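All remarks here apply to the structure that follows.
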Amino acid sequence: MTTATTGRTTARGAVGTAHTRVEGRDKVTGAARYAGEIPFADLAHGWLVLSTVARGRVRAIDTEPVLAMPGVLAVLHHGNAPRVETDYVGLLGMAPDPTAAVFQQDRVPHAGWPVALVVAETPEQAREAAEALVVAYDEEPHDTELTTGHPGA
């Protein structure tokens, strides 16, 4: 193994040494193509809608206006998403956790929990529709106790 000293650190092998990047020139000049720039036929894009409450239940999701927006193909949420076996975590040797599967129940365990997924023809349409989606919550007091009453406690 070769050791090279570069300033304050000692580099070994590939780490800390200069490398010729065959794609480097294309990247810095803007000529490189990235995965997100490659067009695919009939590609749909999704944008998550995250809960705005720390704890509670989703009372209602008004999908009608969003589904009428240009390019919107679907809005998935707990009321219409395909059912997922919530015991899949048990396959990994862990205790089953019903909160691990999103869009499977109306419960919001924490702020930022995914409550819906807007699917549209373009990322911009998906984001705009997700921002327009109205979600009503029955808010509950937030819980900062990390052991009592939680799965696996």
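If you're matching positions, the sequence shown starts at 17 in the working numbering and goes up one per residue. C-beta atoms are modelled at their ideal positions from N, C-alpha and C, and glycine is treated no differently. Since this is a predicted model, take the numbers as computed values, not measurements.
Check the DSSP bridge columns for Pro150 and list the partner residues they point to. The sequence as given places Val at residue 150; Pro does not occur at that position. Answer by DSSP bridge pairing, in chain order: Asp78.
Rounded to whole angstroms, what is the Cα-Cα separation between Val131 and Thr160? 21 Å
Roughly how many angstroms lie between the CA atoms of Pro55 and Arg49, to the nearest whole one? 11 Å
Please check the pair Glu155 and Val69, which I expect to be a contact at CB under 8 Å, by giving their CB distance rounded to whole angstroms. 5 Å
In chain order, what residues of the same chain have a beta carbon less than 7 Å from the beta carbon of His93, not counting five sequence neighbours either side? Ile77, Phe119, Val131 and Ala132
Do Val134 and Val74 have their beta-carbon atoms positioned less than 8 Å apart in this structure? no
If you run the structure through DSSP and keep just helix, strand and coil, what is Glu137? coil
Suppose the cutoff is 8 Å on Cβ atoms and the five residues either side in sequence are ignored; what does the same chain contact list for Val153 look like? The identity of residue 153 in the sequence shown is Tyr, whereas the question assumes Val. Contacts found: Ser67, Thr68, Val69, Gly72, Arg73, Val74, Arg75 and Val124.
Under 7 Å: does the beta carbon of Pro81 sit that close to some heavy atom of the ligand MN? Within the structure as shown, the ligand MN is missing, as the structure has no ligands at all.
Out of Ala90, Gln121, Asp58 and Gly32, which one is the CA nearest neighbour of Arg99? Gln121
Quick one: is Leu162 buried, meaning 16 or more other Cβ sit within 10 Å of its Cβ, or exposed? exposed
Please return the same chain residues whose Cβ sits closer than 7 Å to the Cβ of His158, not counting the five positions on each side in sequence. Ala70 and Arg71
Considering only the beta carbon of each residue, do Ala136 and Ala142 sit closer than 8 Å? yes
Would you tell me roughly how many angstroms separate the C-alpha atoms of Arg41 and Val150, rounded to the nearest one? 46 Å
Burial state of Ala145 (16 or more Cβ within 10 Å): buried
At what residues does the alpha helix (DSSP H) containing Gly40 begin and finish? Gly40 to Thr45
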